[in-house]
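For what it's worth, this note's numbering labels the leading residue of the sequence shown as 2, then goes sequentially. The beta carbon of each residue, even a glycine, is placed where N, CA and C say it ideally should be. First comes the structure, then the notes that go with it.
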Amino acid sequence: MAFDYGSWESSYVCIDLKSFYASVECVERGLDPMTTDLVVADPTRTEKTICLAVSPSLKARGVSGRARVFEIPKSFEYIMAPPRMQLYLEYAAEIYKVYLDYIAPEDMHVYSIDEVFIDVTKYLKRYGCDPKQMAELLMGEVYDRIGVRATAGVGSNMYLAKIAMDIIAKHADDFIGVLDEEAYKDRLWDYRPLSDFWRIGRRTQDKLERIGITTMRGIAEADEDLMYRMFGIDAELLIDHAYGIEPTEMSDIKGYKNKSHSLSRGQVLMRDYSKDEGRIIIKEMTELLCHELTAAGMATPNVSILVGYSNALKVPMARGSVSFTVMTDASTIIIPAVADLYDRITEASYPVRRMFVNFNNIKAKAEERQMTIFDLADAEADEEGATRGQKRKAGMNDPVAERSARMKRDAALQETVNNIRSKYGKDAMFRGMDLEDAATTRERNHQVGGHRE
């Protein structure tokens, strides 16, 4: 299909590295990922483990990109490569450097480790090419310098570039798909399933199917009032995308500032843990977040946790939160409070399998470090009825000053630990609980994204 690129107000390219982890493993072995059968999976885990990546040649033989090891036909001979997350990060950084040779960082948005959006509008004249040729140039440079192949989508907006890559490019001989609004309606308005489209998940697809909508054409032609009643504000995005419209531009992404300020950690355990073992994990995760807060010069007034039980139980997750009377990053305050919350909300007889800790509404310590009236009340209550004035007359210490000093000592200690770990490694200092059999921090210190470095 011929495209009138001159009529496009903007031109975007979305590039995805083909089976990135598997491609890196093939490149490291001097093998061609297009002809080598290879999966990236941890051989120390069970056959139920999910493959992190499957080489294009195995995909061509019908193996799913997210297959579990046992789902790969036993008759297939293939290489199983253990995950090396740090290596993949290094490759991704080198590939980003390739893009930087042609594109300024303000015109790129790194969507994931293997995917990037690029606004190429102002570069076409500079390099004397159209948008598709620009995609070919960048893909070729990545392959020539790094050895990793890519697919690309070219579109008159970011959404169309993404859809062109996800749906059109995989069927193209040159691995490049191109779409503008007219081509989108012509080629994809009646395409199924809807879940293949960016930002439409299975739940949304099922919800639409219940009212008889199975295509983008159906969304475009649906009653808008009904769509807004069903999906709220998200209906606006669904309707825009049904027409191939995307109002967001690269400048909007670069200028966006997240209004929600939080820090979080999550962990899926390798086996069912008892409640007592789970307490060790929740305390480890909380301690690490406390050090992240200190390193960032931030503090939190509230911590929430989620605890998921064994998959076999099929019961709701336990959830709860705890608030502090002062913004704090002190592990001596936060860890005991979180451990107490964990004890209160979890069932003793239920084995634990998943945990999430979230530090909410974090702010710079300088903004909120002052002691509050509630801390004054807490401190005075500790004095068993005696007033601060009476204590001073008796030559005793001011309880509020003592609490403030303790918080400063805690922060200084955490900063010291952070500095030591930064200089000598994460294992240079750790708590005694990290030596417990159920503890995971020391093992996770040598993982990236939950996998070995």
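Of the listed residues the options, nearest to residue i (C-alpha basis)
{"i": "K60", "options": "D187, K171, H262 and Q206", "result": "K171"}
{"i": "V64", "options": "P83, M86, V40 and T50", "result": "V40"}
{"i": "W9", "options": "M81, Y425 and M159", "result": "M159"}
{"i": "K364", "options": "Y257, Y124 and T295", "result": "T295"}
{"i": "K315", "options": "R345, P352, G321 and S324", "result": "P352"}
{"i": "T122", "options": "G141, R150 and G156", "result": "G156"}
{"i": "R320", "options": "Y343, Y22 and P83", "result": "Y343"}
{"i": "G129", "options": "D108, G31, G154 and Y103", "result": "Y103"}
{"i": "D181", "options": "G219, A243, K208 and L209", "result": "A243"}
{"i": "E137", "options": "L209, V308 and D17", "result": "D17"}
{"i": "I80", "options": "T36, V117 and D187", "result": "T36"}
{"i": "G298", "options": "L53, A93 and E416", "result": "E416"}
{"i": "A54", "options": "P74, G31, T45 and C27", "result": "C27"}
{"i": "A349", "options": "A105, Y274 and M2", "result": "Y274"}
{"i": "P84", "options": "D108, S322 and T50", "result": "T50"}
{"i": "I336", "options": "C291, N362 and A313", "result": "C291"}
{"i": "K98", "options": "R146, C52 and R67", "result": "R146"}
{"i": "R67", "options": "F21, P248 and D187", "result": "F21"}
{"i": "I240", "options": "E183, S56, F232 and A221", "result": "A221"}
{"i": "S113", "options": "R204, D341 and C15", "result": "C15"}
{"i": "P248", "options": "L238, K255 and S265", "result": "L238"}
{"i": "E107", "options": "G202, A42, Y257 and A223", "result": "Y257"}
{"i": "E91", "options": "E225, E72, C52 and D115", "result": "D115"}
{"i": "R30", "options": "Y144, I246 and G148", "result": "G148"}
Check: residue i C-beta below 7 Å from any heavy atom of the ligand ZN
{"i": "Y185", "result": "Judged by which ligands are present, the structure shown has none, so any question about the ligand ZN falls away."}
First and last residue of the uninterrupted alpha helix (DSSP H) at residue i
{"i": "T205", "result": "R203 to E210"}
{"i": "Y229", "result": "E225 to F232"}
{"i": "D115", "result": "Counting along the chain, D115 falls outside any alpha helix (DSSP H), and DSSP gives it neither H nor E."}
{"i": "R354", "result": "Counting along the chain, R354 falls outside any alpha helix (DSSP H), though it belongs to the beta strand (DSSP E) covering V353 to N361."}
{"i": "G219", "result": "M217 to E222"}
{"i": "T333", "result": "S332 to I346"}
{"i": "M86", "result": "M86 to L101"}
{"i": "Y160", "result": "M159 to I164"}
{"i": "I254", "result": "M251 to K255"}
Strand pairing of residue i, partner residues [DSSP]
{"i": "G129", "result": "Partner(s): none; G129 has no beta bridge."}
{"i": "I306", "result": "G321 and V358"}
{"i": "L18", "result": "A151"}
{"i": "A365", "result": "M299"}
{"i": "M54", "result": "Residue identity differs from the one stated: residue 54 is Ala in this sequence, not Met. In DSSP, A54 forms a bridge with V41."}
{"i": "G156", "result": "Y13 and L180"}
{"i": "M109", "result": "I119"}
{"i": "T47", "result": "Its beta-bridge partners do not exist; DSSP assigns none."}
{"i": "R69", "result": "I51"}
{"i": "T329", "result": "T301"}
Contact under 8 Å by Cβ, residue i with residue j
{"i": "E95", "j": "V70", "result": "no"}
{"i": "D33", "j": "E78", "result": "no"}
{"i": "V25", "j": "Y89", "result": "yes"}
{"i": "I119", "j": "Y6", "result": "no"}
{"i": "T287", "j": "V339", "result": "yes"}
{"i": "Y124", "j": "L161", "result": "no"}
{"i": "L195", "j": "I164", "result": "no"}
{"i": "D191", "j": "I168", "result": "no"}
{"i": "T216", "j": "R193", "result": "yes"}
{"i": "V308", "j": "S322", "result": "no"}
{"i": "G267", "j": "F357", "result": "yes"}
{"i": "M166", "j": "G154", "result": "yes"}
{"i": "V179", "j": "F325", "result": "no"}
{"i": "R150", "j": "L270", "result": "no"}
{"i": "S252", "j": "N359", "result": "no"}
{"i": "S11", "j": "E250", "result": "yes"}
{"i": "M231", "j": "K255", "result": "no"}
{"i": "K19", "j": "T152", "result": "yes"}
{"i": "A23", "j": "S56", "result": "yes"}
Interface flag, residue i vs chain E, CB-CB below 8 Å
{"i": "R62", "result": "Although the question refers to chain E, the structure presented lacks it and comprises just one protein chain."}
Where the beta strand (DSSP E) containing residue i begins and where it ends
{"i": "R266", "result": "L264 to Y274"}
{"i": "C27", "result": "Note, C27: premise wrong, no beta strand (DSSP E); alpha helix (DSSP H) at F21 to E29."}
{"i": "I177", "result": "I177 to L180"}
{"i": "D235", "result": "Per DSSP, D235 belongs to no beta strand (DSSP E); it is in the alpha helix (DSSP H), D235 to A243."}
{"i": "A82", "result": "I80 to A82"}
{"i": "L39", "result": "L39 to V41"}
(message) Assess contact between the segment 271-281 and the segment 322-331, defined as three or more Cβ pairs (one per stretch) separated by less than 8 Å. Is contact present?
(response) With a cut-off of 8 Å, the segment 322-331 and the segment 271-281 do not count as touching, because too few Cβ pairs lie within range.
(request) Examine the Cβ distances between the segment 166-184 and the segment 128-141 and report whether three or more of them are shorter than 8 Å. (result) Pairwise C-beta distances place the segment 166-184 in contact with the segment 128-141, as three or more of them are shorter than 8 Å.
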